[in-house]
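Read through the structure below, which is laid out as structure tokens, and then see the notes.
There are 2 protein chains.
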Amino acid sequence: MAKRRTQADKSDASARKVLKAALSLFARQGFRATTMRQIARRSGLSVGNLYHHFGGKEEIFGQLIDQYWQVLLDPELPLNKIFSAARFPEDLEEMAAAIEQVVAENSAHILLIYIDVIEFKGKHIKAFYQQMADRFAATYAERLAARQEAGELGEADPLVAVMLATRWFFYFFTVEKCFGVPMHFGLDSHQAVHEFSKILRRGLDPRDVKNP
Amino acid sequence: MAKRRTQADKSDASARKVLKAALSLFARQGFRATTMRQIARRSGLSVGNLYHHFGGKEEIFGQLIDQYWQVLLDPELPLNKIFSAARFPEDLEEMAAAIEQVVAENSAHILLIYIDVIEFKGKHIKAFYQQMADRFAATYAERLAARQEAGELGEADPLVAVMLATRWFFYFFTVEKCFGVPMHFGLDSHQAVHEFSKILRRGLDPRDVKNP
DNA sequence: CAAAAAAAACCGAACGCTCGTTCCGTGAAC
DNA sequence: GTTCACGGAACGAGCGTTCGGTTTTTTTTG
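Structure (structure tokens):
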């Protein structure tokens, strides 16, 4: 039953093949270094057919960026469920694991972000990042402020803290999984997350209770 | 007296002009998108002359990367003086300020690092980064371990802590000054450094003394 | 239900252009 | 007279895109 192919199905399948091929090529070589002929060959379509499905090379790139936004905005994404729970900083390790998963499963798309910054001056991503920062602040602001009022948190601004932790873990795993520098702290990722969490939670200064 | 130009002086001056022109073009457009004709026009030389001074486009890029290594390895660099003093974490704010200065004064060169990662798979930088991590560990390892033994530091691994702090500040200022996203935490850089330092020093958990 | 017509998927040659690099000529410095 | 900084045309290759045509699917029509 899945054999019968309607025209729309074929078109969808072709577009998907193109996007998949283009993603791996862009991620490995950047935008300018990737040619339409390479994308055509790898996706099994002809060059002319590429232009039947897409307006041009940059549109393919733009659609790939959009794919990543949709992943990041999906409420079912484990990372987003953790954000909604807003149990920071108790869930630091869970957050790190969820971010590691996002980076691992989307390493090619994340590279596109850096390609956009370098080859397009951030043209395709700037608006989105601004919007995401605002959404983030809206999600966390009141809840964390309330918890700080109740003395459950330390004296640092909890909104800055959650942004720092999030961004740090994204950066750490991006370097490891996208830039190809594994164990760049001399630790495997599990140990590294453990150390980072300890620092973020307890701080670098000695605690009074630790000096009897 | 500075008028008299020997042949070697002219050659040096020309090479410098080429490197300066190429740096600003590479940083704005990436490697592949920058053409030898653009570099020639901006540096005021002819295309043929470019190939008299440099073996090709990639050699120009490589020499620019080397320029940045020389800056980072200079013992007179304020950041390196702070590292040698090894007063971490008391000097967190000084360290941040020194890193901000490095990023601000070398923003174009730092972009080359990211260009190398994307367009050359990190070919020009990988060896150096490995070497730098080792040097870093060698500088800090015993001193920080000794201080921790003396109870001057918290329970976190101080070597991981200093690497985290360094990398975080580099990353923060790179996003701000190289990727063109100012105030991306909703704070200006001075406030942001203050908040980051508070988090790193005191941690996110409440201190016992703060709950009377 | 089949035949004809319209639409959509698809191909690959061709176009116009720009690229990195080479080559050769010129004039100033040694 | 030899060397060296320099200029600019020329080369061969490869680029993104266009275009005319063929095949396949869908729709229309008798």
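Chains as they are written, first to last, in this note's numbering: chain A, 6 to 217; chain B, 6 to 217. Each residue gets a CB set at the ideal place from its N, CA and C atoms; glycine is no exception.
If you look at residue 189 (chain B), you'll find it isn't in any alpha helix (DSSP H); DSSP assigns it neither H nor E. Shortest Cα-Cα distance from residue 63 (chain A) to any of A:18, A:76, A:110, A:31 involves A:31. Comparing C-alpha distances from residue 118 (chain A) to each of A:196, A:140, A:145, A:131 shows the shortest one belongs to A:131. Listed along chain A are 161, 162, 165, 166, 169, each with a C-beta nearer than 9 angstroms to that of residue 200 (chain B). Counting only Cβ-Cβ distances below 9 angstroms, residue 193 (chain A) has no contacts in chain B at all, with the closest Cβ about 13 angstroms away.
Per the C-alpha coordinates, the member of A:20, A:35, A:36, A:61 positioned closest to residue 49 (chain A) is A:20. Among the CB atoms of chain A, none fall inside 8 angstroms of the CB of residue 13 (chain B). Between residue 120 (chain A) and residue 36 (chain A), the CB-CB gap stays under 8 angstroms.
Residue 75 (chain B) and residue 67 (chain B) have their C-alpha atoms spaced approximately 13 angstroms apart.
Under the 8 angstroms criterion on CB atoms, residue 211 (chain B) is classed as interfacial with respect to chain A. Under the three-pair Cβ rule at 8 angstroms, the stretch 70 to 85 of chain B does not count as touching the stretch 39 to 59 of chain B. By the beta-carbon neighbour count (other beta carbons within 10 angstroms, threshold 16), residue 182 (chain A) is buried. CA-to-CA, the gap between residue 78 (chain B) and residue 199 (chain B) works out to about 27 angstroms.
The residues 198, in chain order, have a CB closer than 8 angstroms to that of residue 102 (chain B) in the same chain once the five nearest residues on each side in sequence are set aside. Proximity of the stretch 172 to 189 of chain A to the stretch 127 to 146 of chain A falls short of the contact definition, fewer than three beta-carbon pairs being nearer than 8 angstroms. The contact set of residue 35 (chain B) on chain A, defined by CB atoms closer than 8 angstroms, consists of 35, 37, 123, 124 in chain order.
According to the DSSP assignment, residue 49 (chain B) belongs to no alpha helix (DSSP H), since it is labelled neither H nor E.
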